[in-house]
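The sequence shown runs 115 to 510 under my numbering. Where is the CB? At the ideal position from N, CA and C, for every residue including glycine. Remember, it's a predicted structure, so these values are computed and weren't measured experimentally.
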Amino acid sequence: MKPEQVSISLGDDYPEIRDSVRRICADFPNEYWKKLDESEAYPKEFVDALTRAGYLGALIPEEYGGAGLPLRAAGVVLEECHAGGCYAAAAHAQMYTMGSVLRHGSPEQKAKYLPGIARGELRLQAFGVTEPTTGTDTTKLKTRAVLVKSGGGDYYEITGQKVWTSRALHSDLMLLLARTTPLAEVKKKTEGLSVFLVDIRECLGKGLEIRPLAAMINHHATEVFMDGMRVPAANLVGGEGKGFRCILDGMNAERILVSHESIGDARWFVRVASRYATERIVFDRPIGQNQGIQFPIARAYASMQAAEMMLRKAAALFQAGLPCGEDANIAKLLASEASWEAAEACMQTHGGFGFAREYHVERRWREARISRIAPISTNLVLAYVAEHVLGMPRSY
Ligand SMILES: Cc1cc2nc3c(=O)[nH]c(=O)nc-3n(C[C@H](O)[C@H](O)[C@H](O)COP(=O)(O)OP(=O)(O)OC[C@H]3O[C@@H](n4cnc5c(N)ncnc54)[C@H](O)[C@@H]3O)c2cc1C
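What follows is the structure in C-alpha cells.
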C-alpha cells in the first residue's frame with residue numbers, strides 16, 4: 115500500500131469500544147483516583163476491570179487469546195479512559211511492552227507468555243530501559259549481562275541499576291535492556307545490547323531488589339537494583355546483541371498510544387474548564403464571558419483537534435505497515451503540548467480552586483505534565499524531526 119491509498123476515519127470511530135470504556139470509567143470516579151493519589155496505591159480494581167473487558171490484551175493476536183485489534187482501537191481505549199478522568203497510564207505498558215515479545219520473541223516464548231498476558235493472569239507492566247547515570251543516552255547504559263554456560267541450563271548473570279521503572283512492583287515480568295557486549299568492543303554503539311524477559315517473581319530477593327521511588331504523580335515508579343541476577347538464556351528476546359532494534363521497533367506504537375492518552379487528557383481539561391467557566395460567577399457574570407478566560411480554552415481545544423488529526427494519520431500509516439516515524443513523533447509532540455496547554459487553561463480557569471484537591475484539577479495537571487518528559491522528552495522528538503526528517507546534522 116502507498117501512503118496516498120491510506121484513508122483516515124473522522125469522528126467517533128470504534129463507537130462500541132468508546133461506549134464500553136465509558137461504562138467502565140463510570141465505576142471509577144474522581145474520588146477513587148484522588149484516594150489512590152493520596153495513598154500512592156495502585157488502581158488494581160480499574161486495571162482488573164480493563165483486563166476483564168479484554169482491553170489490555172487488545173493488541174495480542176487472536177491465536178494467542180488476545181483481541182487482535184488495530185493500534186488505533188487500542189489507542190481509543192486509552193484515550194477514552196483519560197477523557198473519562200481515569201489514568202490508564204497505570205496499565206498501558208501491558209499493551210505495548212508485549213509488542214517486543216510478539217515481534218521478536220521465539221515461538222516458545224510467545225506460546226509461554228502471550229496467552230497468560232492476554233488473560234490478565236500474567237502482568238507484563240514493567241519496562242526497564244532508563245538508568246540513573248546515562249538517561250536519554252540509552253546506548254551508554256551500564257547494566258551488564260554475561261552469559262554463563264552451565265550444565266543445569268545456560269543463564270545470563272545481570273548486574274546494574276535502572277531508574278523510573280514504572281510498575282515493577284505491580285508486575286510479574288519485566289522487559290529489560292542490558293549490555294551483553296561492552297561498548298568498547300562493538301562497531302556501532304547500538305550493537306551489543308540485549309533484551310531479556312525477567313520473571314520478577316523468581317528473581318526478587320535473588321539478585322533483584324525493587325524500591326519505590328517517591329514522585330510527583332502516582333505512577334508507581336521504582337528503582338531496580340540487579341546484582342548477579344540470573345535470567346535463563348531462554349528468556350533472551352530477539353537474539354543476543356540485537357536488543358536496541360527490538361526496543362526501537364516498538365517505539366512508534368508506544369508514541370501513538372501515549373499520544374491517545376494526551377488527547378484524552380486534553381478532552382477532560384477542555385470539558386472541565388468550559389463547564390467551570392460557564393458556572394462560576396464573579397463580578398455578577400460567568401467568568402467564561404470574559405475573552406481572557408474563553409480564548410485559552412478555545413485555543414487549547416484547537417491545538418487538541420490539530421494534534422488529533424496528526425495522531426489519526428500516524429495510526430493509519432502504522433496500521434498500513436508504512437513508515438510512520440515522522441508522523442508518530444510529531445503526533446507525540448503535538449498531543450503532549452496540547453494536553454499541557456489544556457491543563458494550564460483549566461488550572462487558570464479554576465483560579466484558587468484549581469489548587470483544591472476536591473476539584474481534581476491539580477492532580478490531573480500534575481499527571482499531564484509527564485507527557486512532555488516520558489517516555490521521550492520533547493527535545494529528543496524535535497532532534498528526531500530535525501535530523502531524520504529535515505536532514506540537519508545530528509545534535510548529539
Ligand atoms: C513518571 C515517570 C515514569 C517513567 N517510566 C519509565 C519506565 O517505565 N521505564 C523506563 O525505562 N523509563 C521510564 N521513565 C524515564 C523516562 O523515559 C526518562 O525520564 C526520559 O526519557 C528522560 O530521560 P532522563 O530523565 O534521564 O533525562 P536526561 O536524559 O537526563 O535529560 C534531561 C533533560 O535534558 C534534555 N536533553 C538531554 N540530552 C539532550 C540533547 N542531546 N539535546 C537536547 N536536549 C537534551 C532532555 O530532553 C531532558 O529535558 C519514566 C520517567 C518518569 C518521570
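Those residues which DSSP pairs with residue i across a bridge
i	result
residue 363	Paired residues: none, contrary to the question.
residue 313	287
residue 271	260 and 344
residue 277	337
residue 324	338
residue 293	258 and 307
residue 192	Answer is none; residue 192 lacks a bridge partner.
Closer than 7 Å: residue i CB and nearest ligand 1 heavy atom
i	result
residue 335	yes
residue 371	no
residue 69	Since the displayed the chain opens at 115 and closes at 510, residue 69 lies outside it and no answer follows.
residue 279	yes
residue 494	yes
residue 487	yes
residue 210	no
Cα-Cα separation between residue i and residue j, rounded to whole angstroms
i	j	result
residue 169	residue 181	8 Å
residue 241	residue 360	13 Å
residue 396	residue 388	15 Å
residue 324	residue 119	48 Å
residue 193	residue 433	18 Å
residue 461	residue 135	26 Å
residue 415	residue 393	19 Å
residue 439	residue 265	44 Å
residue 470	residue 443	35 Å
residue 465	residue 391	10 Å
residue 124	residue 239	32 Å
residue 139	residue 251	38 Å
residue 501	residue 494	10 Å
residue 183	residue 218	19 Å
residue 165	residue 208	10 Å
residue 155	residue 299	44 Å
residue 215	residue 351	7 Å
residue 312	residue 269	12 Å
residue 316	residue 226	16 Å
residue 505	residue 499	8 Å
residue 309	residue 258	11 Å
residue 400	residue 377	27 Å
Open item on the list: Suppose only complete runs of 4+ residues qualify. What are the alpha helix (DSSP H) ranges in the region 348-416, listed by chain order?
Closed with: Counting whole runs of 4 or more residues, the region 348-416 contains the alpha helix (DSSP H) stretches 357-363 and 365-393.
- [ ] Only counting runs of 4 or more residues, tell me where the alpha helix (DSSP H) segments fall wholly within the region 444-484, in order along the chain.
- [x] 475-483
- [ ] Return the chain-ordered ranges of every beta strand (DSSP E) run that is complete within the region 196-270 and spans a minimum of 3 residues.
- [x] 238-242 and 258-262
TODO: Would you list, in sequence order, the uninterrupted alpha helix (DSSP H) runs of no fewer than 4 residues that lie entirely inside the region 122-158?
DONE: 129-140 and 144-153
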